[in-house]
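A.B. asks: In our numbering, the protein residues as written are 409 to 763. Just so it is clear, CB atoms sit at the ideal spot from N, CA and C, and this is done for glycine as well. Mind looking over this structure? Questions follow.
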């Protein structure tokens, strides 16, 4: 966040809720669960991902720092914690299962993971590769530019053409991870960069009701159309010649509408220290929560008579637990200082090579 811009409450709200939606979706899992039916043809947790993409665009459009340094500063924490945790998992699973989880390193090789039609062993780290591509796309093509409605329309067209082609190719995971899948939401954040925090007024309740109404309406329509439970995108159960482009349009609409509505809600809500606590944790939480879920869920569920109750409790245990772990790590690791020192070393090496 640029130093000359007052902290915006909506950033914390969108990050905290976005992470909660993602964890909720990963623990519930079942595509027929009501939660996963709310945002068809995507799975509801993907709205949380859209929030993070939108915030990335908003933040970059408000950036006043040196562009290359900005890219480094934003990606360094992901690489630092992501690689450390990948190494930890490699060592752990080598001794437990004889598997080094090598695919966990692919996001750190210039985001090459997005060109494979599967997620890394630690699934949520796919986002690190896509995040790098967003930063590089901004650095090479968008820095200093004002995003207009024309750009949004062009992004929407490119997004749907690319997504439709890759989906028709049968590479849905690639279609999901590639930058074009998130292009319009990303540029929407840049387009709305001048929208800041607003005072809380009764109007926010109208927006909340509208958001709930969108969920109800879209779920009802989707159930009439009929979608299967495939991941990462659901497909229409009644196939026709233009089903894939139609599905793609619905995917874009889902990302855009829900993100825009909650953005307008969030920037009219007050902040609380608890929300900020969970917001600070999102970087580490997104990296560590899936292995925790994989390795502990079966043991946790045995403590309850009802799996449904166990899942609900487990959602909060993971959400709160990973935030506590993150807070502890932050107390011992000054990632900003490490990043600054690393940048300075890289600068000195570059100057030495040039001379």
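Tell me which same chain residues have a C-beta within less than 7 Å of the C-beta of residue 644, skipping the five on either side of it?
C.D. replies: 633, 634, 635, 651 and 655
A.B. asks: Less than 8 Å between the CB atoms is what I'm expecting for residue 471 and residue 478, so what's the real figure, rounded?
C.D. replies: 5 Å
A.B. asks: For the alpha helix (DSSP H) that contains residue 615, what are its first and last residues?
C.D. replies: That run of the alpha helix (DSSP H) goes 611-633.
A.B. asks: Judging by CA-CA distance, which residue of 500, 492, 499 and 542 is the nearest neighbour of residue 519?
C.D. replies: When each option's Cα is compared against that of residue 519, the closest is 542.
A.B. asks: Looking only at C-alpha atoms, which of 734, 735 and 703 sits nearest to residue 722?
C.D. replies: 703
A.B. asks: Going by the beta-carbon positions, is the gap between residue 671 and residue 460 smaller than 8 Å?
C.D. replies: Residue 460 sits away from residue 671, with the two beta carbons spaced by 8 Å or more.
A.B. asks: So which of 447, 427 and 433 has the shortest CA-CA distance to residue 629?
C.D. replies: 447
A.B. asks: Roughly how many whole angstroms lie between the Cα atoms of residue 712 and residue 424?
C.D. replies: One C-alpha to the other measures close to 27 Å.
A.B. asks: Does DSSP put residue 712 in a helix, in a strand, or in coil?
C.D. replies: coil
A.B. asks: Using the C-alpha atoms, what's the distance from residue 706 back to residue 680?
C.D. replies: 34 Å
A.B. asks: Among 536, 642, 606 and 582, which one has its Cα closest to the Cα of residue 464?
C.D. replies: 536
A.B. asks: For residue 648, which three-state DSSP category applies?
C.D. replies: Residue 648: coil per DSSP, three-state reduction.
A.B. asks: Please identify the residue among 720, 637, 664 and 597 whose C-alpha is closest to the C-alpha of residue 555.
C.D. replies: 597
A.B. asks: Hey, residue 730 and residue 693: beta-carbon distance below 8 Å or not?
C.D. replies: A contact, by the Cβ cut-off of 8 Å.
A.B. asks: Would you decide whether residue 734 is buried or exposed? Buried here means 16 or more other CB atoms lie within 10 Å of its CB.
C.D. replies: buried
A.B. asks: Hey, how far is the Cα of residue 578 from the Cα of residue 415?
C.D. replies: 43 Å
A.B. asks: For the structure I just gave you, are there three or more beta carbon pairs, one from the region 558-570 and one from the region 586-604, closer than 8 Å?
C.D. replies: yes
A.B. asks: Roughly how many angstroms separate the alpha carbons of residue 648 and residue 720, rounded to a whole number?
C.D. replies: Taking C-alpha positions only, residue 648 is separated from residue 720 by approximately 38 Å.
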